[in-house]
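Going down the list, the sequences are from chains C and S.
Position 1 of the first sequence, counting from 1, maps to 1 under my numbering, and the rest follow consecutively.
Position 137 of the second sequence, counting from 1, maps to 392 under my numbering, and the rest follow consecutively.
Input: a single structure, listed below in structure tokens.
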Amino acid sequence: MSQLLLDVQGLTMRFGGLVAVNKVDLKVKNRQIVSIIGPNGAGKTTVFNCLSGFYIPTEGSVMFNGRELAGLKDFQISRKGLVRTFQHVRLFSKMTVIENMLVAQHRHLNTNLLSGLFKTSSYRRLQQEAMDRAAYWLKEVDLLEFANREAGNLAYGQQRRLEIARCMVTQPELLLLDEPAAGLNPNETKELDELIVKLRDEHEISVLLIEHDMGLVMGISDHIYVIAQGTPLADGTAEEIKNNPDVIKAYLGEE
Amino acid sequence: MTESFLYLIQQLINGLTIGSTYALIAIGYTMVYGIIGMINFAHGEIYMIGSYVTFIVIAGLLGMGLVSLPIILIVALIVAVIIASTYGWTVERVAYRPLRGSNRLIPLISAIGMSIFLQNYVVLAQGSRDVALPPQITGGWTFGDPSVFEVSFSYMQALIWIATFATMSALTLFISRSRMGRACRACSEDLGMTNLLGIDTNRTIALTFIIGAALAAVAGLLLGLYYGVVNPFIGFIAGLKAFTAAVLGGIGSIPGAVLGGLILGVTEALTSAYFPSEYKDVVSFGLLVLILLFRPSGLLGKPEVEKV
């Protein structure tokens with residue numbers, strides 16, 4: 001029996017008079033891939049911004065693992081196990097690939113100054129664990145051979161994968177991916193598809209996905225939410241969404 | 256060797272000495288700018304406080320009858336670094352952190368306020384007149400023909416060179432190798448993303464203020480001993496010079512701050528050597544204008560890319 005990981009109810013975000021997100025409900029269970037789709041400007045990214053602590057929602061509750069997230073700072077939310085990526089790549093491009101992976105584990109390396117100076121055994125053990133975890137995930141996303149490259153010099157598809165790996169070393173339970181396939185070629189999209197499925201099936205985490213690539217969304221999602229103009233339009237399995245007249249109308253316009 | 260050549264060597268020695276202390280102070284400006292994109296206008300005052308603390312500690316230890324110079328210097332260094340770092344941390348806590356996320360001009364003004372406050376606080380506590388300390392480190396090496404021109408390189412100058420070099424090497428190691436240094440670099444590239452990866456960036460920002468203040472305290476100690484005089488207003492002009500050095504080298508870049516400091520020091524020394532010394536500020540700030548005209552991002556700075 002899978003358990004409820006994320007439970008969003010009545011999420012509303014207003015900017016002055018503009019209602020960007022209007023009473024959106026979302027449920028993500030453990031080991032699920034859930035997608036949010038909708039036309040451009042529908043408020044999908046605003047939902048992500050509310051969940052990850054970028055915005056403080058005007059109304060509504062965000063329960064993660066049974067705890068309320070609203071009001072927490074962004075770094076506190078990520079420490080609870082909810083990590084996100086952005087529409088555009090946001091790597092530390094002047095740092096090497098491995099350094100990107102180590103920065104993300106900063107808080108796991110929580111050692112004091114003295115143990116660092118004297119290189120105590122617990123310090124070395126934590127260092128080693130961080131390196132091992134970094135190497136493991138670089139291998140999972142097929143980037144191990146580039147570990148000492150500057151992140152900014154990687155190909156675009158590789159940068160996308162590095163972002164996911166960097167999120168994974170923070171040991172999240174829920175990964176929020178904002179248009180991960182944007183700008184990828186069909187081949188790279190297929191690799192991404194396989195990676196996301198692997199995250200669910202082998203690493204047992206949940207993924208909440210915003211994506212325009214319908215092939216990707218329909219192929220891997222356990223559940224799909226459709227938002228249009230900030231308002232929930234429909235939700236269901238891929239099959240249900242494909243045949244929903246409201247959704248077709250929102251995407252293609254009235255006949 | 257001719258007289259003019261030896262004279263030039265002497266001026267270069269003097270210029271590099273002053274320049275390396277400018278560089279130490281400039282690093283504080285450049286690190287803070289690199290992370291939060293703002294100039295810490297109270298930074299010169301931190302340097303001044305470092306100088307005062309050095310004088311007070313040395314006078315106190317001498318008064319207690321301590322004679323060992325290395326011990327006196329080490330104690331003065333530790334106390335100055337600790338106290339100046341506390342002030343640096345306080346500036347961040349009082350003038351910057353509560354205003355995080357507001358318009359960029361607002362923390363700028365609060366920092367200027369901090370600067371005026373600290374200056375006047377020292378005036379009230381220590382008086383506004385010059386405080387002098389007899390030279391602690393005397394003597395030096397001389398070379399060249401005494402009948403032509405004698406170049407002198409004092410022990411004090413050597414100490415400044417060595418201390419600056421050691422401090423900068425330690426900083427470079429810290430930034431490139433340590434966990435907190437890595438977090439600092441991450442913050443300077445993308446503060447928001449660093450936050451999202453679960454790093455408390457407020458602590459990292461506070462740390463850069465503390466590191467900058469510690470370096471300014473080292474500069475305060477060295478220049479205080481070199482000149483032998485402090486007053487509450489030295490922070491203003493030293494801060495301005497170091498700020499110039501940071502901009503000259505490319506603000507945000509630590510090697511740039513070092514290069515800028517050295518260039519500025521040498522320029523000043525050479526100008527006052529060959530022209531009336533009143534021209535030295537004219538030439539160094541003129542140089543700044545020229546460099547900004549042809550390389551707006553400074554010598555080693557990267558051109559600003561608009562973040563989307």
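Where a beta carbon is used, it is the ideal one built from N, C-alpha and C, also for glycine.
For chain S, is any of its Cβ atoms less than 7 Å away from the one on residue i?
i: residue 138 of chain C; result: no
i: residue 193 of chain C; result: no
i: residue 15 of chain C; result: no
i: residue 103 of chain C; result: yes
i: residue 209 of chain C; result: no
If I measure Cβ to Cβ from residue i and keep anything under 7 Å in the same chain, skipping five residues before and after, which residues do I get?
i: residue 178 of chain C; result: 45, 48, 84, 85, 86, 87 and 210
i: residue 22 of chain C; result: 12, 230 and 231
i: residue 465 of chain S; result: 340, 343 and 344
i: residue 18 of chain C; result: none
i: residue 135 of chain C; result: 144
i: residue 43 of chain C; result: 20, 21, 227 and 230
i: residue 102 of chain C; result: 130 and 134
i: residue 378 of chain S; result: 487
i: residue 1 of chain C; result: Its pLDDT being 40, under 50, residue 1 of chain C is placed unreliably by the model, and nothing is read from it.
i: residue 365 of chain S; result: 350 and 354
i: residue 24 of chain C; result: 8, 11, 47, 227 and 232
Please report the straight-line C-alpha distance between residue i and residue j, rounded to a whole angstrom.
i: residue 39 of chain C; j: residue 228 of chain C; result: 6 Å
i: residue 195 of chain C; j: residue 217 of chain C; result: 13 Å
i: residue 530 of chain S; j: residue 167 of chain C; result: 60 Å
i: residue 148 of chain C; j: residue 91 of chain C; result: 14 Å
i: residue 277 of chain S; j: residue 452 of chain S; result: 36 Å
i: residue 265 of chain S; j: residue 373 of chain S; result: 36 Å
i: residue 184 of chain C; j: residue 157 of chain C; result: 6 Å
i: residue 563 of chain S; j: residue 200 of chain C; result: Because the pLDDT at residue 563 of chain S is just 41, under 50, the model does not fix this residue reliably, and the point stays unresolved.
i: residue 109 of chain C; j: residue 126 of chain C; result: 6 Å
i: residue 82 of chain C; j: residue 481 of chain S; result: 55 Å
i: residue 348 of chain S; j: residue 396 of chain S; result: 46 Å
i: residue 369 of chain S; j: residue 437 of chain S; result: 29 Å
i: residue 400 of chain S; j: residue 152 of chain C; result: 56 Å
i: residue 171 of chain C; j: residue 346 of chain S; result: 36 Å
i: residue 462 of chain S; j: residue 237 of chain C; result: 49 Å
i: residue 489 of chain S; j: residue 299 of chain S; result: 8 Å
i: residue 511 of chain S; j: residue 518 of chain S; result: 10 Å
i: residue 350 of chain S; j: residue 362 of chain S; result: 6 Å
Tell me the DSSP secondary structure of residue i in three-state form.
i: residue 232 of chain C; result: strand
i: residue 174 of chain C; result: strand
i: residue 85 of chain C; result: coil
i: residue 274 of chain C; result: The question about residue 274 of chain C has no answer here: the residues shown for chain C are numbered 1 through 255.
i: residue 93 of chain C; result: coil
i: residue 32 of chain C; result: coil
i: residue 384 of chain S; result: coil
i: residue 55 of chain C; result: coil
i: residue 287 of chain S; result: helix
i: residue 67 of chain C; result: strand
i: residue 61 of chain C; result: strand
i: residue 119 of chain C; result: coil
i: residue 365 of chain S; result: helix
i: residue 100 of chain C; result: helix
i: residue 391 of chain S; result: coil
Enumerate in chain order the residues of its own chain whose CB-to-CB distance from residue i is below 8 Å, with the five nearest sequence positions on each side excluded.
i: residue 250 of chain C; result: 38, 39, 226, 228 and 233
Kindly list the residues whose CB is nearer than 6 Å to the CB of residue i, restricted to its own chain and excluding five residues on each side of it in sequence; keep chain order.
i: residue 508 of chain S; result: 555 and 556
i: residue 34 of chain C; result: 28, 208 and 223
i: residue 474 of chain S; result: 276, 279, 280 and 302
What does residue i touch in chain C if you count any residue whose Cβ is under 9 Å from its own?
i: residue 448 of chain S; result: 86, 90, 91 and 92
What does residue i reach in chain S if we use C-beta pairs closer than 8 Å?
i: residue 52 of chain C; result: 451
i: residue 45 of chain C; result: Near residue 45 of chain C there are no residues of chain S at all, since even the closest Cβ is about 14 Å away, more than 8 Å.
Could you name the residues of chain C that residue i contacts, counting a contact when the two beta carbons are closer than 8 Å?
i: residue 437 of chain S; result: 95, 99, 102, 103 and 106
i: residue 444 of chain S; result: 92, 93, 94 and 95
i: residue 458 of chain S; result: The contacting residues do not exist; residue 458 of chain S stays about 10 Å from chain C at best.
For residue i, go through chain S and note every residue whose CB falls closer than 7 Å to its CB, in chain order.
i: residue 74 of chain C; result: 450 and 451
i: residue 78 of chain C; result: 451, 452 and 453
i: residue 170 of chain C; result: 452 and 453
Residue i versus chain C: which residues are under 7 Å apart at the beta carbon?
i: residue 400 of chain S; result: Those within 7 Å of residue 400 of chain S in chain C number zero; the least Cβ separation is about 49 Å.
Flag residue i as yes if its beta-carbon sits less than 7 Å from any beta-carbon of chain C, otherwise no.
i: residue 471 of chain S; result: no
i: residue 425 of chain S; result: no
i: residue 441 of chain S; result: yes
Closest Cβ-Cβ distance between residue i and chain B: below 7 Å?
i: residue 494 of chain S; result: This model lacks chain B altogether; the protein chains it does include are C and S.
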